[in-house]
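Before any comments, here is the structure.
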Amino acid sequence: MTSKILQVKNISKSFAGVKALDQISLTINEGEIVCLVGENGSGKSTLVKIISGVYSPDNGEIIINDHSYKKLTPIDSMREGVQVIYQDFSLFPNLSVAENLVINEHLSSGKKFVNWKEFDHIAAKGLAEINVSIPLDMMAGDLSTADRQLIAITKATLAKARVIIMDEPTTALTQKEIHSLFNIIMDLKKKGISTIFVSHKLNEVTEIADRTVIFRNGKKVMDQDAKTLDIKTMEWYMTGRELDKSGIQFSHVNQQTEPLLEVENLTLQGKFTNVTFSLNPGEVLGITGLLGSGRTELALSLFGETPANSGEIRIEGKTVSIKSIQDAMNNRIGYVPEDRVIEGLFLDQSISDNVVVRVINKLVNHLHLINPQSISQVSNEWITRLEVKTPNGNLPAKSLSGGNQQRLVLAKWLASDPKLLILNSPTVGVDVGSKASIHELIRNLANQGMGILIISDDVPELMQTCNRLILMRRGKITNEFKRETITEELLNKEMVANRSGMVQ
Amino acid sequence: MLKKTIKSNEFITFSIIVLLSLIIGIINPAFFSLATVFDVLRASIVPSIMAFGLLLVIIAGGVDISFVAFAALGAYGTHMLLLHYGYQGGILLYYIIACAIGLLAGSLSGFIITRFDVPMFDVSLATFTLWYGFIRFFIGSAKNFQIPEGAVGYYAKFITTVKDPFVGEAGLHISVIYVLVIGVLIHILLKYTTLGRGIYAIGGNKDVAIRSGFNVRRIILIIYMILGVLSAFAGVTQSFLSRHFEPTLFMTQNLDVIAAVILGGASINGGRGSVLGTFLGVVLMQLINRAMVLTGITVEWQELVIGLVLTIFISLPAMRDRINKKTRHPVEIPDEI
Amino acid sequence: MKKMTKFVLIAMLLVTLLSACGQKATDEATINEATTDEKEPQDLVFASVVKSSGDTWFIRYETGIEQFETDYGVKSFMEGPSQPDSAAQVALIEDLIAQNVDVIINVPYGVAENELAQKKAMDAGIIVIGHEAETANEGTLNYDVEAFDNCSYGEEMMRELAERMGEEGKYIQFVGSLTNASHNQWTECARQYQEANYPDMEFVAKYESKENQENAYNIMKDVLKTYPDIKGVEGSDSGDILGAGRAIEEAGLADQIVVVGTGIASDAKELLKTGAVDLAMAWDPGMAGYACSVIAYKMLQGEEIVEGLDLNVPGFESIRIGTGPNGIPVIYGSAWIKITVETMDQYPF
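Chains as they are written, first to last, in the numbering used here: chain A, 1 to 504; chain B, 1001 to 1337; chain C, 2001 to 2349.
The structure is reproduced here in C-alpha cells:
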C-alpha cells in the first residue's frame, strides 16, 4: 500500500511575466522513485525550488505529510523531510566528513556547543545505514566526487529525509559509480524514502525510475509509469519534435587524401601504450572506453598537456613534437575540455572576451593595442554561427545555460581556426535538445574539412557523430569499428564485455 | 595519530621554530637561555592577541588591515580621555574603556560588511585610514608619556624573573597570562562552539553556510566585535609595556601580524587555521626578526634576508598541502587489475 | 548594492581627507587672493612639510613656525604625513605647488626621494628651504639650513659618550633609517672621531630602528644577549635612546650602560630620571624651523645671505655657509643643546 508523502496542486509561478510553471500538480508516494525530466528552462528546477522552499509559488498548494502549505520556507521544507542534493553537494571542503554529516542537524537543534564524540557517533551510524565506509576524519574536499555525493545523501538521510531530490546526480560520475548510486537509491526506496531524480540522461531514467514526469515550457506534459515509456517517446515529449537520428548524413571521407593526423606507437608511461591510429580531414573519430582506459589521457597528450613519452605524431605527413599546449595550438589543434566550467571558460568574463581569448593577439591594431571593434566583430560572428543564445555578448559567460556554455567553448576554439578539434565528452550536462544541435554542429564542422576526435562514453552520442570508433581498454586500442558496421546495441555489448572482465 | 600530528601545520611551524632556534643558537650560544624565552614571549604577547582576532577573520575567508587602527583608537583614545579627567588609577579602567571603543569600531566595520555585502578587506582599507585620520583630527597627534600613577611600573610586573649571566635581569611579563587566557577562549570558541564551526563553514563555502542555516551576517558581525575588542586590548597592553601612548600605534605592523597568522598555517583563502598555529606563527615571526641581531647579520642585509626567509616559510605549508593532496586524493580504480 | 558600496567607501575617503586637509582649506582661500608678485607680508605664505606631523619633535617645530608667523606677520603653517613617508611628502609638495605658496620648507624623510618635487617647486618660482637635507643635489634646494654641521654634532656626541664610558669599552650605534643622511653622517663622524681619539673604545655594529622605538627596544634586548659586554649606545632617531633605554632599564643595567643620543626632554624625562638614558642631545626644532623661515623671508625681501649673518634666532647669531656634499649651499648654526636629568626642565619640548 502506498501513501502520498508529497503533493503539489495547481502550482504556478511567474518570473517577470514569464510563466515558469503553469498549473502543475504532482504526487510523490512513499518509497517511489520519480524521474523529473525536461529541457533547460522547462520548469523542473523551479518546481524543485518551490518544494524546497526557496521560491514561493504564485498560487496553488503544497501538501507534505498531510500538512497543507500555501508556501514553504526552507526550514518548513526540511522539517517535513524534504532534502535537496544540489550538484555542488553543499559540503564544506575544509570540514571533516563527520562534521559535514551532522552540522545541519546540530544547527537545527539550536545547541551552542559542539560535542565531537556525539558527532562521530551520529555520522558513523548514518554511514553504516547506507552501507558506506568513508573515514570520518577525512576532509570533505579531499574526497572523490562520488564519495562527496554519498556524504550528501547520508546527510539527507540523517536529517530524516522522506523525499530526497537529486539534481543531475550522475553528471560527474563514472559508470561504476552511477551503478552504486542506483543501488543506494534502491536501498532508500526499501526504507520508504522517496527520490525525485532530476536528469537529462534518459537511459538512466529508464533504468531507475518508477515513474517519469516530463516538463516542457512550464507544463507537465507526461506523467506515467516508467516501464511503459521508451526513450524515443520521452524525447518527443521533452522537445516537442522527433529527434532525427537514423537519417544522419555522414560526409564522404576521402580516403585518398593524406591523413590529417597520424599517431604511431604513442606511449605515456602508466596511461596508454603503443597507440596507433589515423584521422582524415572531414572525419569524426570517436575514442571510447571506460574511465581509466586511457582515453582522456590520450587526448591530453595530443593536446600537449601531458606530453607522451614516446611514439610519433604526424600532422599532414609532417612529424611534429607536441610538448606543450602552445605546441598543440601552433599546430592548430584545439581541445574542448570535459568540464567546461573549470577548464574551458572564464565564467565572470564576458561572452565576447571568452570567444576571442585564444586569438586576442591577432586582434590588435598597428599600435599593438587591442581593438574592441574587431573583438565584437569576431565574437558576434561566432555567437551567430554557433547559435549561442544570449541577448548580448557583453554578458558574463556564467549567464548562459549549460548547453550554451558548451557552444561558447566550441566557439572559443573555432575562432582560432583549428584543423584538428579534440572534444572530450562534449555534451555532458547538456539537455537533449541542445545535445542534438551540438551533434549537428560537430558534423557540419567535419563536413567543412575539419578533423574531429570525440572522447566519450555516451554510446548514442558516438553513434550519432562518428564515422569511425576506437575502443580503448587498459591503455590500449582493443577494437576499431566503422560506423556502418556497428549498431548501438553492439557497441553497448562491446563495452559491457569490457566491463564484465573487470575484477571488482 | 602520530602521522597526523607530524603532517599538521602546527607541527611544521613548530619544527621551523626549533630549526631556526638551533641555527641561531649555534651561531650565538647566548641565545639558549631562559631570558631569550622570556624576551621572545614578551615580544609575542601583543601581536598574538591581535593575531587571535585576525585569525577569526582569516578563517572566515577575509583579510583585514584595519585592526591596528582599532588598537590605536582604543589605546590612544582611552588614554587622552582619561588624561583629560586626570585619572590616576590602575590599568583596569583603561582595558574596559578601550575594549568598549574597540567593540564599537569593530561593530561598525562588521555592520558595513554585513549590511552592504562589502568584502572585509575593502572595508578595512577604508576604516584603516578612517580611524587613524579620526585620531589625528579629533583626539591628538602627539605621543604622550604621562602614565597614570596607578599604572606606573606595569611594564615591569613579572611573574618570575631570572638573573641571566649575559642580559642582567629578565622577567616573564604577567601579560603572558592574557595570551594564554585569550588563546584558550578563542580555541574553545573555534573548536567547541556552533559559532566557531560557523566561522570555519563560512570560510569553507559561504553559500553553503547560508544554505545550511548559519546566520552568516551575525557570525561576521561577532567576528568583528571580537577583533575590535582584542585589538584595543592589545593596544592598551602595548602602550603600557612601552610606557607611552602614540596616535600612530601599530600603523605599520598590520602586515607582520597577517604574515604571522599565515605562517601559523591559516589559509589566506579561508577555512583553515588554529590558535596554537597562530601563536607559533607569531613566535616564528619574532624569531625571524630577531635572528638578525643575534646572528650578526649586518643591517644592510636585514630586509632582504627577512623577506627571503618569509618567502620560503610562507610557501612551506602550501607545498605541504600540494603533496598531501596528491597522496590523499582517492586513486581512480582502473577497470582491470 | 555595488553603488552603495562605492558610496560608503567614498564617504569614508572624504572623511579621511577632510581630517587630513581641514587646515589646508582655509589656507587655500588666502593663497588664491594673493596674485601680485610684490606681496605685502600678510599675503606671503610659508609652508613647512615635515617627515611626520604627529611626532613630538615636529610639534615643537610647529611652535617655531607659528612664532615666526606672529613675529613677521606672514601666513605660515606645517603639514606632514602621519607616519614618516617620502611618497606622502612628495604628494604634499605637489599640492603646495598647485596652491602657489611663496615658500616651502621641507624636512625630507628620504632626501633623494624628495628632490624632484623640490626642484619642481623651485621651477615654479617657490623658494625651497631644506632642513636635515644637506646631501641634496645641487639645484634641488635654495638653501639647506642645519642647526649645526652634522659632523661636529656627531663628534660632540662621541665626546659625551666617551667621557661617560671612561673612554673604553664596546658601543653600538642606532640610525633611524639607513637612508637618513644626517643620522648616517652623525654616526660616521662619531665613529671616525672615536677611532682617532679613543683607541680603547670598540665599535660593534650599527642598527636601523626604522624610527620605531619598539624596534629599538627589541634590537637592544638582542644586543644585550649578543654583546653582553656592551658599554655604550649612541642613538640617532629620537626614539632610539628611548627604546634602547627601556630595554636596558628593564634588564637592570641602567648603571652599566651609557646611552647618549638625539632626543628631547619631554619624551626622555622618565628614562633620564632613572639613569637608563644618560644624555639626550638635540637642537630646538622650533628654532630650526624659525631659522629656515627667516632665511626664506630674507630672500623674499632680496637680502643677501652671507657668512656671519645674524638671524636673530638663538644658536643662529652668526651663521656659517658651506656647501653640501652634492653641491647645495648649506647654512649652519651652532644650535645644539644637551639635556641631562639636571637640565631637562629648562627645555619645554
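All residues carry an ideal CB built from backbone N, CA and C; glycine is no exception.
Checklist entry - Mind pulling the chain C residues with CB within less than 8 Å of F1145(B)? => result S2266, D2267, K2269, E2270
Item to check | contact_flag[the segment 1-11 of chain A, the segment 62-80 of chain A] where n(CB pairs < 8 Å) is 3 or more | outcome: The segment 1-11 of chain A vs the segment 62-80 of chain A: in contact.
Item to check | Close Cβ partners of M1292(B) (< 6 Å) along its chain, the five nearest in sequence each way excluded | outcome: Only residues of its own chain outside the window of five on either side were considered, and among them Q1302 have a CB closer than 6 Å to the CB of M1292(B), listed in chain order.
Checklist entry - Thinking C-alpha only, which one of V18(A), K19(A), G17(A), Q23(A) is nearest N10(A)? => result For the residues V18(A), K19(A), G17(A), Q23(A), the minimum Cα distance to N10(A) belongs to Q23(A).
Item to check | Contact list for H106(A) against chain B, beta-carbon separation under 7 Å | outcome: Those are T1194, listed as they occur along chain B.
Item to check | Contact residues within the segment 1004-1027 of chain B, judged by C-beta distance below 8 Å to chain C | outcome: Those would be none; no residue qualifies.
Next on the checklist: Using 7 Å as the threshold, is the C-beta distance between L1103(B) and G1235(B) below it?
Outcome noted: no
Checklist entry - Looking only at DSSP bridge pairs, what is Y2332(C) linked to? => result E2146(C), R2320(C)
Checklist entry - Start and end of the beta strand (DSSP E) containing C35(A)? => result That run of the beta strand (DSSP E) goes 33-38.
Checklist entry - What span of residues does the alpha helix (DSSP H) with Q1238(B) cover, start to end? => result 1216-1241
Next on the checklist: Once DSSP output is grouped into helix, strand and coil, what is the label at I486(A)?
Outcome noted: coil
Checklist entry - Does the distance from the CB of D58(A) to the CB of S12(A) come in under 7 Å? => result yes
Checklist entry - In three-state terms, what does DSSP make of H368(A)? => result coil
Next on the checklist: Is there a Cβ of chain C sitting closer than 7 Å to that of A1043(B), yes or no?
Outcome noted: yes
Checklist entry - CB-CB under 7 Å to I1112(B), same chain, minus the five flanking residues each way: which ones, in chain order? => result V1118, V1123
Item to check | Which residues DSSP lists as bridging Q2213(C), in chain order | outcome: BP columns for Q2213(C) are empty, so no partner.
Item to check | Identity of the residue in R407(A), A156(A), R79(A) nearest V102(A) by Cα | outcome: If we check each option's Cα against that of V102(A), A156(A) comes out closest.
Item to check | Cα-Cα separation between R1328(B) and F1250(B), rounded to whole angstroms | outcome: Residue placement at R1328(B) is poorly supported in this model, since its pLDDT is 39, which falls under 50; the coordinates still yield a value, given next. Cα to Cα, the separation comes out at about 42 Å.
Item to check | Contacts of S90(A) in chain B (Cβ-Cβ under 9 Å) | outcome: By Cβ distance, chain B contributes N1205, D1207, V1208, R1211, S1212.
Checklist entry - Helix, strand or coil for Q224(A) per DSSP? => result strand
Checklist entry - Do three or more CB pairs link the segment 2283-2295 of chain C to the segment 2306-2324 of chain C at distances below 8 Å? => result yes
Next on the checklist: If contacts are defined as beta-carbon pairs under 8 Å, then G2243(C) and S2209(C) qualify, I think. What distance do you get, rounded to the angstrom?
Outcome noted: 7 Å between Cβ atoms; contact.
Checklist entry - Residues in its own chain within less than 6 Å of I486(A) by CB, not counting five upstream and five downstream? => result none
Item to check | Reference V1063(B), options A1170(B), I1097(B), N1289(B), I1220(B), closest by Cα | outcome: I1220(B)
Item to check | Three CB pairs or more closer than 8 Å across the segment 2298-2312 of chain C and the segment 2271-2285 of chain C | outcome: As far as the Cβ criterion goes, the segment 2298-2312 of chain C does not touch the segment 2271-2285 of chain C, which means the pair count is below three.
Checklist entry - What are the boundary residues of the alpha helix (DSSP H) that includes Y2227(C)? => result From DSSP, Y2227(C) is part of no alpha helix (DSSP H); its letter is neither H nor E.
Checklist entry - Measuring CB to CB, does V2050(C) end up less than 7 Å from V2107(C)? => result yes
Checklist entry - Since S1242(B) meets chain C, which of its residues come closer than 9 Å, beta carbon to beta carbon? => result Q2213, E2214, Y2217, L2242, G2243, R2246
Checklist entry - Between A1201(B) and chain A, is there a C-beta pair that is closer than 7 Å? => result When Cβ-Cβ separations below 7 Å define contact, A1201(B) makes contact with chain A.
Item to check | Where the alpha helix (DSSP H) through L1249(B) begins and ends | outcome: No alpha helix (DSSP H) contains L1249(B), which DSSP labels as neither H nor E.
Next on the checklist: Please give the ranges of any alpha helix (DSSP H) in the segment 1006-1031 of chain B, keeping only runs that are unbroken, at least 4 residues long and fully inside the region.
Outcome noted: Taken in chain order, the whole alpha helix (DSSP H) runs of length 4 or more contained in the segment 1006-1031 of chain B are 1009-1027.
Item to check | Interfacial residues, the segment 111-134 of chain A to chain B, with Cβ spacing under 9 Å | outcome: For chain B, the residues of the segment 111-134 of chain A that bring a beta carbon within less than 9 Å of one of its beta carbons are K111, K112, F113, V114, N115, W116, in chain order.
Checklist entry - From which residue to which residue does the alpha helix (DSSP H) around A2282(C) run? => result Careful: A2282(C) lies outside any alpha helix (DSSP H), inside the beta strand (DSSP E) at 2279-2283.
Checklist entry - Under 7 Å, do L266(A) and G311(A) count as touching if we go by C-beta distance? => result yes
Next on the checklist: Can you pull the chain B neighbours of P93(A), defined as C-beta to C-beta under 8 Å?
Outcome noted: G1204, N1205, G1271
Item to check | Contacts that Y1132(B) makes with chain C (C-beta to C-beta distance below 7 Å) | outcome: S2082
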